[in-house]
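Engineer: For the record, the sequence lines run as chains A and F.
Under the working numbering, the first residue of the first sequence carries the number -2, and numbering increases by one thereafter.
Under the working numbering, the first residue of the second sequence carries the number -2, and numbering increases by one thereafter.
One structure coming up, written as C-alpha cells, with questions to follow.
Number of protein chains: 2
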Amino acid sequence: MSERVLVNQLQGLADGPVSVSGWVETVRDQKKVQFVILRDETGAVQLVNPATREVGEDATDEERAALALTEMISAMTHGTFLTVHGVLKHDERVKLGGVEIKIGTLDVAAEALPETPIAADSHMDKRMDWRFIDLRQRRNNLIFRVQTTLEHAMRTYWVERDYIEIHTPKLMSSPSESRAELFQLEYFGDQTAYLAQSPQHFKQMAQAAGFGKVFEIADAFRADPSFTSRHATEFTSIDAEISWIDSHEDVAAMQEELLATALTAVKEKHGDEIEELFGLTVEVPTLPFPRIPLAEAHEIVEARGYEIPRTDGDLDPEGERQICAHVKETYGHDFVFITDYHPGIRPFYHMRNPETGMTKSYDLLYRGTEITTGAQREHRIDVLEEQATEKGLELEGLEHYLDFFRYGVAPHGGFGMGLARLLMLLLGESSIREVTYLFRGPTRLAP
Amino acid sequence: MSERVLVNQLQGLADGPVSVSGWVETVRDQKKVQFVILRDETGAVQLVNPATREVGEDATDEERAALALTEMISAMTHGTFLTVHGVLKHDERVKLGGVEIKIGTLDVAAEALPETPIAADSHMDKRMDWRFIDLRQRRNNLIFRVQTTLEHAMRTYWVERDYIEIHTPKLMSSPSESRAELFQLEYFGDQTAYLAQSPQHFKQMAQAAGFGKVFEIADAFRADPSFTSRHATEFTSIDAEISWIDSHEDVAAMQEELLATALTAVKEKHGDEIEELFGLTVEVPTLPFPRIPLAEAHEIVEARGYEIPRTDGDLDPEGERQICAHVKETYGHDFVFITDYHPGIRPFYHMRNPETGMTKSYDLLYRGTEITTGAQREHRIDVLEEQATEKGLELEGLEHYLDFFRYGVAPHGGFGMGLARLLMLLLGESSIREVTYLFRGPTRLAP
C-alpha cells in the first residue's frame, strides 16, 4: 500500500512532504486562498492552496499548473474522495489540530455528484435511504467503533473463560420460538424453511452436547410488523448459554460482569469522544446490579402514580421507564434485573420454582428499556413436555428440540440481548435505527 | 454457582472432598468394584465405587445406602448427566490423569435413554441426525474450540489495527451476487426479500461511508443444489474490505498475515491436542505465500499430466489439488495465491488491469482447495456500469449498489473466506459437514 498517513498521525510528524487520503468535507474558496477540509476515518485536516486566478499568455508551465489546481479546487464537490500530496506544516493558529497541508497535487479517486441528497439533519427516513452518506458523520462513525469495542470486549471476556463460540443455523425446519412473526421460505421445492427468531434451540443443544459454556453474536429474524423505536425485522442478537447452574442467578451474575467489563472497555477507548459528540458520560455500572421481583416493581410503579394498563402482569414500556427511574433515584444505578415472572407470561421452557410457582427467569432493563430475557431452562424432559402441552403447543413440531433432553443434559440457562438496544441506550439515541448499520423493518428492505 | 471443579483442575488439587459434573461415558460394572468414566468439557475422570451387592435383613442405613448406590451405578445409562460428590485421590496407577474419585453421592441431572442412537463410527448422515450426541466426542469438541481460537485471533488482529466490525443485513431487496442460487421469501405481503449470498454490497458500502477498514464474520446463504464435501446452503463467511489500496496485492498481504496470525494462535493453544486427536501437526505458513498467475498454473498442472476439462480457463477441483501439490513439493507451502484471472470468469465488479486485460483479483488455495476470492473492486462508476452491462446485467436491479459509487468512494478491495473450508483443511477432515455445528444442505434442514 502507498505511504498513506492517517490524519490522527499528522500532529506527531515533522514538517515536510506528506500524503493523506480522505473525502472532501468542505471547500472555502476565497479569492486569494483556498481551504479544503479533508476527512478520513481518523479525523479531519485543513488543506491550503494559494489561489492563482489568472495567468498571462506567456505563463510558465508552473503557473498554468497552479491555475489548473485552483480551478480544480473551485469545482470540487463535497464527498469527493482524493489523495493529497503536499507539505505538512505545524501552525498553532490552525484550529483543526494545529497542522495544515499545503497542497502539491491532488489525485481524485472518485468525484461525487454535486448535489448531496441528504444533510446531517435530514429526516431519519431520508437519511436511511442514503445511509452510506449519513454514516460519514463523525457521530455515526463513532457508533460503529463503539460497537466494535463493545463486542470485542464481550467476546474476549468469554474466550478468556473458555466459552466456545458457535454459529447456529438460521434456516430451520420448525420455528425456534413461536409460530407468530415468522419468516418462511420455499426450500428446494417441497420443503419449507423458517428463519430463526433466536438461537434458543441450538444454544441449548450445545449443553446436551457437553460444550459447557457457549456464546454467539449473530443475526435473528422476526416478521414483526411493529414500527416502534426498538423493533426490527432483522437484528443482531448477543447470546450465551451455560451448564451446571443452580438458578437464573448464575446467568445474571455472568451477564452483569460481562456488561461491566464491556462498558469499561468502551469508556476507556471512546469515553472522551462520546462526551464530545454525544454529550454524555459513559457510566460503568457497579456490581451487583439491583434485583426487584416483578410484583414489587408493580407496587413501586403504582406508588409513583402510574397505572399499568396491561392485565397480564408484565410491565409496559412506560412501566419499564418508571421502574428504571425509581432504581436510578434510589440506587443511582442504570440497570435492574426484574425477577419472578409468572409462567403465564414466559415461554414453556423456562424452569419454574416449585416453592413460589414463579419462573426462574429475569428481564434486564437498562435506562428505561428491556434489553434481555434470561432464564434457567427446564431440562427434565417430562416436566418440559408437560409445560409445552399446558401452553397448547403440539409436541410433534418440537420433536427435534425435545430430543436434546432425552439423552442426558446438564441443568443450564442463558440470556439473549439485542445489540442495537444496548448501543441505543448507551449512547442516548432515540431509535435503534440510528445505531444499526442498515435497518430492516416492515417497510425498509433497502438499500 | 456450586463449588463445581472441572476435570482438568483435578490434578492440581490435594486429596480430599470434591464435586465434579459431567456425563457418563462408560460404566465398568465388576463384581467387587464399579468404575464410571465421567467426562466434562475439559476431560474425563475415573469414578470408583466398591460394590455392595447384597445386605442382610438387619443391615444398617449405611449398608442399605451402599446397596442403593451400587444398584444405581449398575443401571446407569451412557450419556446421563450427573454431579458426583466424592473424595479425590491421586494414584499413579490410574491411567486417566493419575487421579480418581471415590464416589460419595451421585446427583443425576438428567438420565439418558438406554439406547444411544449413534456410535462414533456411525454413517455421517446418521451422526448428523443426532448431532448433539455426535458432538460429545473429544475430536468434535476440539473442532469448535479450534474454531473459537481461530476466529478470536482474526478479530483481534483486525481490532488491533482499527478495523470496524459491521453487521450487514441478510434480508435484501435485490440479489447481492447473482440471480442464481438465491433464496427468496415473501416480505410483509407484497414485497420479495432475498437472503444475502455474501456481504459484498454492504461491505463495499462501508468504503463509501468512509469506514476505511471493516470486517464481518456472519451467515451467508446459497440455494446451491450441490452435494459436494465443500458446499452448504448456509455457511459462515469471513469477510474484510479495506480502502486506499493500490491493487489486490494489498488485500492478499493482509490476508496472509491474518492467516499466519490465526494459525499461530491455534498451534499455541491446541497444537498438542490436534496432534493427539487428529494425528497432524498444525503448520504455521511462512510469509509471503507463493503467487502463481492462472495461466502459469495451467501449464504446471498440464506438465504434471493432468488435462483440465473446463474450457473457461479456470481450475477444476483436481486442478486445484494438482497446483497445491506442486506448490507443496516446490516451496513446502500449504497456501498459494492464484492471480491474473480473465474478466470472463470473474464478477463484473472486479477491477481490471489495463495493461494485461486481467482482473486485479486472486483465489487463495489451501491444501488443495479454494477457500477465498479476493479482489480490488472497480470503484469508477462509468467503468463499473460498463462492466455490468457487458456481463448482461440490468443496471436497474443494481441501482442501490451503483449509488455507492456516485457520491465519492475510495479505491478498495477485500476478500471473503469460508470458515468451514478453512477448518476442514486445517484439521484434515473430509467434509465441511464434520466441522459445521449444524450443517444445512439441499436435503438437510434439521435438527
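Quick reminder that beta carbons are idealized off the backbone N, C-alpha and C, glycines included.
Owing to the predicted nature of the structure, the values given are computational and were not obtained by experimental measurement.
1) Under the three-state reduction of DSSP, which class applies to Q252 (chain A): helix, strand or coil?
2) Could you give the first and the last residue of the continuous beta strand (DSSP E) run that contains I98 (chain A)?
3) Using a Cβ-Cβ cut-off of less than 9 Å, give me the residues of the stretch 139 to 154 of chain A that come near chain F, in sequence order.
4) Name, in chain order, the residues that DSSP records as bridge partners for W20 (chain F).
5) Any idea if G19 (chain A) is buried or exposed, counting beta-carbon neighbours within 10 angstroms, 16 or more meaning buried?
6) Since R135 (chain F) is in the beta strand (DSSP E), which residue starts that stretch and which ends it?
7) Assign G394 (chain A) to one of three DSSP states: helix, strand, or coil.
8) With distances taken from CA atoms, which of A:M69, A:E272 and A:F232 is nearest T102 (chain A)?
9) From E267 (chain F) to E174 (chain F), what distance separates their C-alpha atoms?
10) Quick one: grab the DSSP three-state call for A220 (chain F).
11) Name the chain F residues whose beta carbon is nearer than 9 Å to that of T113 (chain A)?
12) Using 10 angstroms around the beta-carbon of R307 (chain F), count the other beta-carbons present and answer buried if the total reaches 16, otherwise exposed.
13) Quick check on M355 (chain A): does DSSP put it in helix, strand or coil?
14) Are three or more beta carbon pairs between the stretch 171 to 188 of chain F and the stretch 116 to 128 of chain F nearer than 8 Å?
15) Going by the DSSP bridge assignment, what does M169 (chain A) pair with across the sheet?
16) Rounded to whole angstroms, what is the Cα-Cα separation between P14 (chain F) and T49 (chain F)?
17) Taking all protein chains shown into account, decide if R158 (chain F) is buried (16 or more other Cβ within 10 angstroms of its Cβ) or exposed.
18) Pairs of beta-carbons, one from the stretch 382 to 393 of chain F and one from the stretch 325 to 337 of chain F, closer than 8 Å: are there three or more?
19) If contact means a Cβ-Cβ distance below 7 Å, which residues of the stretch 187 to 199 of chain F contact chain A?
20) Between A:Q204, A:Y160 and A:H164, which has its C-alpha nearest T233 (chain F)'s C-alpha?
21) Assign N350 (chain F) to one of three DSSP states: helix, strand, or coil.
22) Taking Cβ-Cβ distances shorter than 9 Å, what residues in chain A pair up with T258 (chain F)?
23) Take the Cβ of R25 (chain A) as the centre, count every other Cβ of all protein chains shown within 10 Å, and call the residue buried at 16 or more, exposed below.
24) Between L424 (chain F) and I140 (chain F), how many whole angstroms is the CB-CB distance? I'm expecting something under 8 Å.
25) So what's F412 (chain A) in DSSP terms, helix, strand or just coil?
26) In chain order, what residues of the same chain lie with their CB nearer than 8 Å to the CB of T67 (chain A), ignoring the 5 residues before and after it?
27) CB G405 (chain A) to CB A107 (chain F), shorter than 8 Å?
28) Where do the N-terminal and C-terminal ends of the beta strand (DSSP E) with Y450 (chain A) fall, by residue?
29) Who are the neighbours of P282 (chain A) on chain F, taking C-beta pairs under 9 Å?
30) List the residues of chain F that Y184 (chain A) touches, going by C-beta distances under 9 Å, in chain order.
31) Among A:I342, A:M414 and A:C321, which one has its Cα closest to the Cα of F332 (chain A)?
32) Consider the Cβ of E38 (chain A): report whether some Cβ of chain F lies at a distance smaller than 8 Å.
33) Taking the alpha-carbon positions, what's the E387 (chain F) to F275 (chain F) distance?
34) Along chain A, which residues have their Cβ under 7 Å away from the Cβ of P408 (chain F)?
35) Express the C-alpha separation of P114 (chain F) and I100 (chain F) in angstroms, rounding to a whole number.
36) Taking 8 Å as the CB-CB cut-off, is R61 (chain F) touching chain A?
Structural biologist: Inspection of the coordinates gives the following:
1) The answer is helix: DSSP assigns Q252 (chain A) an H, G or I state.
2) Boundaries of the beta strand (DSSP E) harbouring I98 (chain A): V96 to A107, taken from the DSSP string.
3) Cβ contacts with chain F come from F141, R142, Q144, T145, T146, E148, H149, R152 and T153.
4) The partner list for W20 (chain F) (beta bridge, DSSP) reads F:R36 and F:F78.
5) By the Cβ neighbour-count rule, G19 (chain A) is buried, with 16 or more other Cβ atoms within 10 Å of its own.
6) Counting along the chain, R135 (chain F) falls outside any beta strand (DSSP E), though it belongs to the alpha helix (DSSP H) covering R135 to E157.
7) Secondary structure at G394 (chain A): helix, using DSSP grouped into helix, strand and coil.
8) That would be A:M69, whose Cα lies nearest to the Cα of T102 (chain A).
9) The sequence given here places His at residue 267 (chain F); Glu does not occur at that position. Distance between the alpha carbons of H267 (chain F) and E174 (chain F): 37 Å.
10) Note: A220 (chain F) maps to coil in three-state DSSP.
11) Within chain F, the residues near T113 (chain A) are Y404.
12) With fewer than 16 other Cβ atoms within 10 Å, it is exposed.
13) Under the three-state reduction of DSSP output, M355 (chain A) falls in the coil class, being neither helix nor strand.
14) The answer is no - the stretch 116 to 128 of chain F does not touch the stretch 171 to 188 of chain F, with fewer than three Cβ pairs under 8 Å.
15) According to DSSP, M169 (chain A) bridges with A:Y191.
16) Take the alpha-carbon of P14 (chain F) and the one of T49 (chain F): they are about 22 Å apart.
17) R158 (chain F) sits exposed, since fewer than 16 C-beta atoms from the chains shown fall within 10 Å of its C-beta.
18) These segments do not touch.
19) Those residues of the stretch 187 to 199 of chain F that come within reach of chain A (Cβ to Cβ, closer than 7 Å) are Q188, A190 and F199.
20) Of the candidates A:Q204, A:Y160 and A:H164, the one whose C-alpha sits nearest the C-alpha of T233 (chain F) is A:H164.
21) Coil, per DSSP.
22) The premise fails here: T258 (chain F) is roughly 15 Å from chain A at the closest Cβ pair, so nothing lies under 9 Å.
23) Counting of Cβ neighbours within 10 angstroms places R25 (chain A) among the exposed residues, the total staying below 16.
24) Indeed, because the Cβ distance is near 6 Å, the residues count as touching under 8 Å.
25) When DSSP states are grouped into helix, strand and coil, F412 (chain A) belongs to the strand group.
26) Cβ neighbours of T67 (chain A) beyond the five flanking positions: Q31, N46, A48, T49 and R50.
27) Taking 8 Å as the Cβ cut-off, G405 (chain A) and A107 (chain F) qualify as a contacting pair.
28) Residue 450 (chain A) cannot be examined here, being either before or after the span of chain A that is shown, -2 to 444.
29) The contacting residues do not exist; P282 (chain A) stays about 21 Å from chain F at best.
30) Residues of chain F whose Cβ lies closer than 9 Å to the Cβ of Y184 (chain A) are, in chain order, F180, A220, T230, P439 and L442.
31) Considering only alpha carbons, the answer is A:C321.
32) It does: the Cβ of E38 (chain A) has a partner Cβ on chain F nearer than 8 Å.
33) Their Cα atoms are separated by approximately 48 Å.
34) At a beta-carbon threshold of 7 Å, the residues of chain A lying near P408 (chain F) are A106, ordered along the chain.
35) Cα to Cα, the separation comes out at about 29 Å.
36) No, because no Cβ of chain A sits closer than 8 Å to the Cβ of R61 (chain F).
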